[in-house]
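What follows is a single structure, written as structure tokens, with notes after it.
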Amino acid sequence: MWDAPGRDHSNDEPAGDALSGAPDSSRPANPWPRLLAFGAVVAIILLLTGTCIVSYARPPERELRANITEFSVGVPKFIPVTTFGADASGRTYGAWVTVFARDRVVALLSRDVDTLCHVRWDAHAPTSDGLGAFVDPCGPARFASDGSVLNNSAPRDLHAFPVSLEGQTVAVHVSSIILGACRADGAAGCSKQGRPAEVRAVPNDALPPEFGRK
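In this text, residue positions in the sequence shown follow my numbering: the first is 1403, and each later residue adds one.
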């Protein structure tokens, strides 16, 4: 449209378009960008919160892993498992792991099931082979490095954990135990001679007193 020179435009209405008409300056700005941004922030917070909850609720690690180079052949190495609890003297239970050869590894539960004491390794304990022994500080039980009873000092061998070798990694599966072999008539909580070894699931919490006794 032709505009006459000197025309006063101060009272002119802002131009609109054919569909929406003249713009209304009294209407608020489009809220959707802010709402979408707020929603994205809330979603991120919920995602992070959910991740933390899942991590916290996840059961404790049920596998111990170590490089085979960390072991000396024939020398037991102790790996504590705090979730197993401790004996009356505060000694934490765990696994005694011994590498005998590249393809033979033994992992033993460190608790004597009769006295509930943590057995310790004594490299100087008097034995027929002079290789040392596991000693129960609360009783007469003595065990060889592979967990077998020495001198009929206990009714069963030490319980063991399943072990696997993955390349250079020793993996001890602490979600179950293999009951030690029975060494006395009428012994309970052990694997009978000539029969398949018995297996027990290990609880996620501290080991109860009766665990491994039957």
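Note that the Cβ used here is the ideal one computed from N, Cα and C, for glycine as well.
Remember, predicted model here, so these are calculated numbers, not experimental data.
Beta-carbon spacing of residue i, residue j below 8 Å
i: L1511; j: A1497; result: yes
i: G1541; j: R1558; result: no
i: A1546; j: S1555; result: no
i: I1470; j: V1572; result: yes
i: R1513; j: L1609; result: yes
i: G1532; j: D1524; result: no
i: T1529; j: L1552; result: yes
Contacting residues, own chain, Cβ-Cβ under 6 Å from residue i (five flanking each side not counted)
i: F1473; result: K1479 and V1501
i: V1565; result: V1507, A1509 and V1574
i: S1577; result: R1464 and V1604
i: A1468; result: V1572
i: V1601; result: S1578 and I1580
i: S1593; result: L1581, A1583, A1599 and E1600
i: L1560; result: L1510, F1545, G1549 and G1582
i: A1586; result: P1557
Residue(s) in a DSSP beta bridge with residue i
i: N1469; result: T1571
i: V1565; result: V1574
i: F1536; result: W1523 and F1545
i: Y1558; result: What sits at residue 1558 in the sequence shown is Arg, not Tyr. Note: R1558 sits in a beta bridge opposite C1584.
i: V1551; result: F1545
Cβ shell of residue i (< 8 Å), same chain only, five flanking positions each side left out
i: K1616; result: A1590 and G1591
i: Y1495; result: P1482, V1483, F1486, G1487, A1488, D1489, L1511, S1512, R1513, H1520 and L1609
i: D1505; result: L1567
Supposed close pair residue i, residue j - CB separation, criterion 8 Å
i: I1579; j: G1549; result: The pair is not a contact, with the Cβ atoms about 11 Å apart (cut-off 8 Å).
Other residues of its chain near residue i: CB distance less than 7 Å, five sequence neighbours each side excluded
i: Q1595; result: A1583 and C1584
i: R1493; result: H1520
i: P1611; result: L1518
- Item | Residue ranges of each beta strand (DSSP E) within the region 1472-1527, 3 or longer | DSSP runs (the beta strand (DSSP E)) wholly in the region 1472-1527: 1479-1482, 1496-1503, 1506-1511 and 1522-1524.
- Query: At which residue ranges does the region 1574-1606 contain complete beta strand (DSSP E) runs of 3 or more residues, listed in the order of the chain?
  - Reply: 1578-1580 and 1601-1603
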